[in-house]
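Colleague: Quick note, the sequences are listed as chains A and B, same order.
Everything in the first sequence is counted per numbering that gives the first Met the number 0, starting at 0 for the first residue and increasing by one.
Everything in the second sequence is counted per numbering that gives the first Met the number 0, starting at 0 for the first residue and increasing by one.
Got a structure for you, questions after.
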Amino acid sequence: MNHENRSSVRGGARMRLRGLMRKEALQILRDPSSLAIAFVMPVVLLLLFGYGVSLDAKHVPIALVVEQPSAAAADFTASFRRSPYFEPTSMANLQAAERALVAGRVNGIVHLRADFETRLDGQGPAPIQVIVNGVDANTAGIVKGYVQGVWSNWLQRRAEAAGHELAMPVRLEPRVWFNPDMRSRDYLVPGLVVVIMTLIGAMLTALVMAREWERGTLEALMVTPVTIREILIGKLVPYFVLGMGSMGLSVAMAVWLFDVPLRGSFAVLAATSALFLLVALGMGLLISVVAKNQFVAGMLALVTTFLPAFILSGFIFDINSMPVAIQVLTHIVAARYFVAILQTLFLAGDVWGVILPNAAALVVMAAIFLGLSRRKSRKRLE
Amino acid sequence: MWARILTLVIKEFLALLKDKRSRIVIIVPPLAQLVVFGYAATFDLNRAPFAVYDEDGGAAARELVAHFEGSSHFARVATIRREAQVRPLLDNRDALLVIHIPRRFEADLLAGDPAPVQVLLDGRNSNTAMLALNYSREIVDQFNEQWREVHGQRGPPAVLKMRAWFNPNLESRWFIVSGIVGLLTLVVTMLVTSLSVAREREQGTFDQLLVTPLRPVEILIGKAIPGLIIGTLEASLIILLAVVWFGVPLRGELPTLYTGLILFLLSGIGVGLMISSLAVTLQQGLLGAFLFMVPAIILSGFATPIANMPVVVQDITYLNPARYFMIVLRGVFLEGTSFEVLIPQFWPMLVIGLVALSLAGWLFRHRMY
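Next comes the structure, spelled out in structure tokens:
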């Protein structure tokens, strides 16, 4: 092959690639469902979840049962009425309150016995009975914490009013870094971005490619001079562009709509997003190659990408608290690394000790998924 | 009429189960997920890594640290000697919290002055931080009580006696696993039904179906029954696993649970068929199913309580059948709620199901392209 010929082959490759990408872009533009999933879905999901998903319990309905009204009891229950965390209702007796708890009308009961004031001033200590509904264990734990807060503030104020200091051997002084108000939205929104990107990247590619396998249009492509590598690149580039677009949209909404601080640098954010998108696209490709059928591809994409990104990534559930076997398993969930990167980038800044190892893991995963789908999709028929 | 429906049902099952991969995909992943997620999805705090920065070094400080070390919620990973070591530990997520005991700790304690102890927490996951803080408070309270007893100090004039009903140890696994039953049931039914009409439309066989003697109502019933059967079987298997494997208590009556399940399946199938008959291609059917499923899961109260949502979003959740089923599941499983108490959850699912099914049937005839 002489020099001229080779260069024309290379030129042909570029032309073929351009043609493929053009075809892919046209296909995206013609079928509104792809565009919808890339741009409408992030907006809808972020709006719904950003406003809808919150672990901050406020205005928790509780029942107050005071058996014997007294000045001290009134003072104590008033602290509950002032607290933004509670919405108390007075109930005549414990039975009524228990019925309300069972029916789910209140989440907790605070019960002061008849001897509250006499025990308080006399022999002490006066017991304050607190019953919470433990079905939602997380909320119950948070409510217990709030009750404790109200109680210790009340003791403090009472001691001060009486002119002596509260005998408290060790006093805990908490400092919460990165998110001093403990707004759960600040950590949930970055995680949501990951879930959405997983959906867009993996699901869309998986479905699109599976459709081509199912309809046999890939076979039609195979008889043309394009190589399988060119087909894959031609598929990936338009969806990569689409994915980066919706990533930009999501970040803009996170920052300007939900006021999540972005303390890291934009360059790192863009670079790691591109990396994660490659992983997601690679997963989608691999799924479609394995499935070659839209139903199976859809189910596989859901099972291997969206649900793990939701549950095994540290987006909501803390990975450190999972059993060791599951913790090991989370290492094959790409979303896990991106969640760690995004939560750090948004709330803490460019912490290289977190970003570098997680980015390295993403590089490895991208290489594995893209390599595997390249190997699996041979230019031959079964 | 029933003979015609039966043939359609048989045909639907064949279309769904003739492919080996489709068969596997319907059965294996949901069960695998139940097991994995059942263990993974926990709001409990276990072995949270903490570091100690003890500037005092006295016996009392060591005693306090020992209280933290003795708790299953915390695991000590590092000892800090210099202030500069604190930031990298928290920044790199090597420790969730740092306990800082200042120099005059023991002296303050012995003098009867309040001895401050700082707890520095990584707030990136604010829920975990909140849990860690609450557990730290409990540990410090215990320490204080012991200290008072040993040193003859007077305790606070009032004490809290806290109890949790239905789930005394506040195990979040019960809550999550009972919710997963609903989540996986929804996923399976939506996938089975949302594709059934779309597949025929894409292949052009739906027109053929319409010219057969089958009336739209019969097509609707024939399309709905496979989803109902598969959903019921799958859900039963998941319920069995939840009880046998995860030891979730089943305190209520099975008939109540299954009333909820059937109604939930009905509404899920209705929405699935509606999406399916709106879709022209299989892909649109799948995307539609996802667009419904993802908000349905997140706004169901599965992981985050509906009560925490803004009022507008709370109102939207009334359209979500999963919302009602979650209440039924948790009520029957954990609280032993009776049938009558759950009727307010049953009828909305029935209404959603009937409306969606009628819309789907109407769309069969009227969505031609």
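For every residue, glycine included, the Cβ atom is placed at its ideal position computed from N, Cα and C.
Quantities reported herein were computed from a predicted structural model and do not represent experimental measurements.
(1) When Cβ atoms are compared, which residues of the region 165 to 195 of chain B fall closer than 7 angstroms to chain A?
(2) Within the 9 angstroms Cβ cut-off, does B:Tyr323 reach chain A?
(3) Among B:Pro309, B:Val247 and B:Gly300, which one has its Cα closest to the Cα of B:Glu334?
(4) What does the Cβ neighbour count give for B:Trp244, buried or exposed, with the cut at 16 atoms within 10 Å?
(5) Using the three-state DSSP reduction, which class does A:Val175 fall into: helix, strand or coil?
(6) Where does B:Gly151 fall in DSSP's three states?
(7) So A:Leu206 contacts chain B; which residues on that side make the cut at Cβ distance below 8 angstroms?
(8) Rounded to whole angstroms, what's the CA-CA distance from B:Leu371 to A:Ala96? Just pull it up for me.
(9) Within 9 angstroms (strictly less), CB to CB, does B:Pro28 reach chain A?
(10) Kindly indicate if chain A contains any beta-carbon less than 9 angstroms away from that of B:Pro215.
(11) If you draw a straight line from the alpha carbon of B:Arg375 to that of A:Ala290, how long is it in whole angstroms?
(12) Cβ of B:Gly230 within 9 angstroms of Cβ of B:Val187?
(13) Please return the same chain residues whose Cβ sits closer than 6 angstroms to the Cβ of B:Leu213, not counting the five positions on each side in sequence.
(14) In this structure, does DSSP put B:Leu5 in helix, strand or coil?
(15) Which one of A:Met208, A:Ala160, A:Ala77 and A:Ile232 has the shortest CA to CA distance from A:Val149?
(16) Compare the beta carbon distance of A:Gly304 and A:Ala201 with 9 angstroms and say whether it is the shorter of the two.
(17) Using three-state DSSP, classify B:Trp164 as helix, strand or coil.
(18) Can you list, in chain order, the residues of the region 175 to 186 of chain A whose Cβ is nearer than 8 angstroms to any Cβ on chain B?
(19) What whole-angstrom Cβ distance do A:Ala62 and A:Ile108 have, given they're in contact under 8 angstroms?
(20) Classify B:Ala40 as helix, strand or coil using the three-state DSSP reduction.
(21) List the residues of chain C whose Cβ lies closer than 9 angstroms to the Cβ of B:Lys10, in chain order.
(22) Please report the Cβ distance between B:Val116 and A:Pro124, rounded to the nearest whole angstrom; I am assuming they are in contact, meaning their Cβ atoms lie under 8 angstroms.
(23) By a C-beta neighbour count over all protein chains shown, 10 Å radius and 16 as the cutoff for buried, is A:Glu381 buried or exposed?
(24) Are there 16 or more other CB atoms within 10 angstroms of the CB of B:Gly37, so buried, or fewer, so exposed?
(25) Taking 9 angstroms as the CB-CB cut-off, is A:Thr271 touching chain B?
(26) What did DSSP end up calling B:Glu170 once you bin it into helix, strand or coil?
(27) Below 7 angstroms between beta carbons is the criterion; list the residues of the region 299 to 318 of chain B that meet it against any residue of chain A, in chain order.
(28) Given this structure, state the Cα-to-Cα distance separating B:Gly271 from B:Asp314, to the nearest angstrom.
(29) Anyone know if the C-beta pair for A:Leu311 and A:Ala334 falls short of 9 angstroms?
(30) Pull up the distance between the alpha-carbon of B:Leu132 and that of A:Leu284, whole angstroms please.
(31) Could you tell me whether the Cβ atoms of B:Gln207 and B:Gly259 are closer together than 9 angstroms?
(32) Along the chain, where does the beta strand (DSSP E) that runs through A:Glu86 open and close?
(33) Buried or exposed: which applies to A:Phe265, given that a residue is buried once 16 or more other Cβ atoms fall within 10 Å of its Cβ?
(34) Given that a residue counts as buried once 16 or more other Cβ atoms are within 10 Å of its Cβ, and exposed if not, what is B:Asp55?
Modeller: On the basis of the data shown:
(1) So the list reads Phe165, Asn166, Pro167, Leu169, Glu170, Ser171, Phe174, Val186, Leu190 and Leu194, given in the order they occur along the chain.
(2) The residue given as residue 323 of chain B occupies position 324 in the second sequence. False, the Cβ-Cβ gap to chain A never drops below 9 angstroms.
(3) Here residue 334 of chain B is taken as the residue at index 335 of the second sequence, counted from 1. It is B:Val247.
(4) The residue given as residue 244 of chain B occupies position 245 in the second sequence. Burial is judged here by how many other beta carbons sit within 10 angstroms of a residue's own beta carbon; B:Trp244 has fewer than 16 and is exposed.
(5) Residue numbering aside, residue 175 of chain A sits at position 176 when the first sequence is read from its first letter. Here DSSP, grouped into helix, strand and coil, assigns A:Val175 to strand.
(6) By one-based count along the second sequence, residue 151 of chain B stands at place 152. B:Gly151: coil per DSSP, three-state reduction.
(7) Taking the first sequence and counting its residues from 1, the one referred to as residue 206 of chain A is at position 207. Correct list: Gln282, Leu285 and Leu286.
(8) In the structure as shown, chain B begins at 0 and stops at 368. Residue 371 of chain B is therefore absent and cannot be evaluated.
(9) Residue 28 of chain B sits at position 29 when you count from the first residue of the second sequence. At least one chain A Cβ lies under 9 angstroms of B:Pro28.
(10) By one-based count along the second sequence, residue 215 of chain B stands at place 216. Chain A contact via Cβ: absent.
(11) In the structure as shown, chain B begins at 0 and stops at 368. Residue 375 of chain B is therefore absent and cannot be evaluated.
(12) By 1-based counting over the second sequence, the position of residue 230 of chain B is 231. By 1-based counting over the second sequence, the position of residue 187 of chain B is 188. Yes. Within cutoff.
(13) Along the second sequence, read from residue 1 onward, the residue named residue 213 of chain B stands at position 214. Cβ neighbours of B:Leu213 beyond the five flanking positions: Arg3.
(14) Within the second sequence, numbered from 1, the residue matching residue 5 of chain B stands at position 6. Helix.
(15) For the purposes of this step, residue 149 of chain A is identified with residue 150 of the first sequence, where counting begins at 1. Ranking A:Met208, A:Ala160, A:Ala77 and A:Ile232 by Cα distance to A:Val149 puts A:Ala77 first.
(16) In the first sequence, counting from the first residue as 1, residue 304 of chain A sits at position 305. In the first sequence, counting from the first residue as 1, residue 201 of chain A sits at position 202. According to the sequence provided, residue 304 of chain A is Thr. The question's Gly does not apply to it. The beta carbons of A:Thr304 and A:Ala201 sit closer together than 9 angstroms.
(17) The residue given as residue 164 of chain B occupies position 165 in the second sequence. Note: B:Trp164 maps to strand in three-state DSSP.
(18) Residues Val175, Trp176, Phe177, Asn178, Pro179, Met181, Arg182, Ser183, Asp185 and Tyr186.
(19) Taking the first sequence and counting its residues from 1, one reaches residue 62 of chain A at position 63. Taking the first sequence and counting its residues from 1, one reaches residue 108 of chain A at position 109. That pair is a contact at about 5 angstroms.
(20) In the second sequence, residue 40 of chain B corresponds to position 41, counting from 1. Look at B:Ala40 here: in three-state DSSP terms it is coil, with no helix or strand label.
(21) In the displayed structure, chain C is absent; the protein chains listed are A and B.
(22) As a first step, residue 116 of chain B must be located in the second sequence, where it is residue number 117. As a first step, residue 124 of chain A must be located in the first sequence, where it is residue number 125. At roughly 23 angstroms, the Cβ-Cβ gap does not stay under 8 angstroms, so B:Val116 and A:Pro124 are not in contact.
(23) For the purposes of this step, residue 381 of chain A is identified with residue 382 of the first sequence, where counting begins at 1. No answer about A:Glu381 holds up, because its pLDDT of 47 lies below 50 and its placement is not dependable.
(24) Within the second sequence, the letter at position 38 stands for residue 37 of chain B. So B:Gly37 counts as buried.
(25) Locating residue 271 of chain A in the first sequence gives position 272, counting from the first residue. Residue contact check for A:Thr271 against chain B: no CB pair falls below 9 angstroms.
(26) The sequence position of residue 170 of chain B within the second sequence is 171, counting from 1. Per DSSP, reduced to three states, the secondary structure at B:Glu170 is coil, with no helix or strand assignment.
(27) The region 299 to 318 of chain B vs chain A, Cβ under 7 angstroms: Ala302, Thr303, Pro304, Asn307, Met308, Pro309 and Val312.
(28) In the second sequence, the residue the question calls residue 271 of chain B occupies position 272. In the second sequence, the residue the question calls residue 314 of chain B occupies position 315. Computed Cα separation, rounded: 22 angstroms.
(29) Position 312 of the first sequence holds residue 311 of chain A. Position 335 of the first sequence holds residue 334 of chain A. Taking the C-beta atoms as reference points, A:Ala334 is found nearer than 9 angstroms to A:Leu311.
(30) The residue labelled residue 132 of chain B in the question sits at position 133 within the second sequence. The residue labelled residue 284 of chain A in the question sits at position 285 within the first sequence. The straight-line gap from Cα to Cα measures roughly 44 angstroms.
(31) Here residue 207 of chain B is taken as the residue at index 208 of the second sequence, counted from 1. Here residue 259 of chain B is taken as the residue at index 260 of the second sequence, counted from 1. Against a cut-off of 9 angstroms, the Cβ pair of B:Gly259 and B:Gln207 comes out as no contact.
(32) Numbered from its first residue, the first sequence carries residue 86 of chain A at position 87. Counted as a single uninterrupted DSSP element, the beta strand (DSSP E) harbouring A:Glu86 occupies residues Phe85 to Met90.
(33) Counting from 1 along the first sequence, the entry for residue 265 of chain A is found at position 266. Exposed, by the Cβ-count rule.
(34) Looking up residue 55 of chain B in the second sequence gives position 56. B:Asp55 should be labelled buried.
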